[in-house]
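K.L.:
Numbering (the working numbering), first residue to last: 47 to 186.
Even for Gly, the Cβ is constructed at its ideal location relative to N, Cα and C.
Everything numeric in this text was worked out from a predicted model, so none of it was measured.
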């Protein structure tokens, strides 16, 4: 039992230092979550409400399977996300992102993720406008 005495003696110091780290993590997670909610408010991506934790869930356009989507985002955009099916979402398409990164890195990554979907939505709108016959637009 003697080897535990140094650990027990240092416990108050560890708890004190841990409180400062927990406070920093809480502030960063909250700042990233609030920024994400604001940033996605006018996007094709929607941030789901969260009461706790250090992950955020985004409902994204179902342009491809979640598995293909996370691989595309990782290989094409350098973004690590988790597919919703890892968390038993009943349908696609959901992505789970960490709120732990530094704020600047988080904002850069989310900006690239949202642009990925917003650009696809804009391209689909342009493609539809180009490929529809004139009568589809109410023109004769």
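If you draw a straight line from the C-alpha of residue 62 to the C-alpha of residue 75, how long is it?
P.N.:
Answer to the nearest angstrom: the Cα atoms are 20 Å apart.
K.L.:
For residue 146 and residue 101, I'd like the C-alpha separation in whole angstroms.
P.N.:
Whole-angstrom Cα-Cα distance: 8 Å.
K.L.:
With DSSP as the reference, please indicate the residues paired to residue 140 in a beta bridge.
P.N.:
DSSP lists 105 as partners of residue 140.
K.L.:
Put residue 90 into one of helix, strand or coil per three-state DSSP.
P.N.:
Here residue 90 sits in coil by DSSP.
K.L.:
Looking at the unbroken alpha helix (DSSP H) that takes in residue 122, where does it start and where does it end?
P.N.:
Where residue 122 is concerned, the enclosing alpha helix (DSSP H) stretches over 112-123.
K.L.:
Beta-carbon separation of residue 113 and residue 130 under 8 Å?
P.N.:
Cβ atoms of residue 113 and residue 130: not closer than 8 Å.
K.L.:
For residue 58, does the three-state DSSP call read helix, strand or coil?
P.N.:
Looking at residue 58 - three-state DSSP - the assignment turns out to be helix.
K.L.:
What residues in its chain sit with their C-beta under 6 Å from that of residue 138, if we drop five residues either side in the sequence?
P.N.:
So the list reads 108, 112, once near-sequence residues are dropped.
K.L.:
Just to confirm, are residue 125 and residue 159 a CB contact at a threshold of 8 Å?
P.N.:
For residue 125 and residue 159, yes; Cβs fall inside 8 Å.
K.L.:
What's the call for residue 117, buried or exposed, on a 16-neighbour Cβ count within 10 Å?
P.N.:
Result: exposed.
K.L.:
In this structure, how does DSSP classify residue 52 when only helix, strand and coil are distinguished?
P.N.:
In the structure shown, residue 52 sits in a helix (DSSP, three-state: H, G or I).
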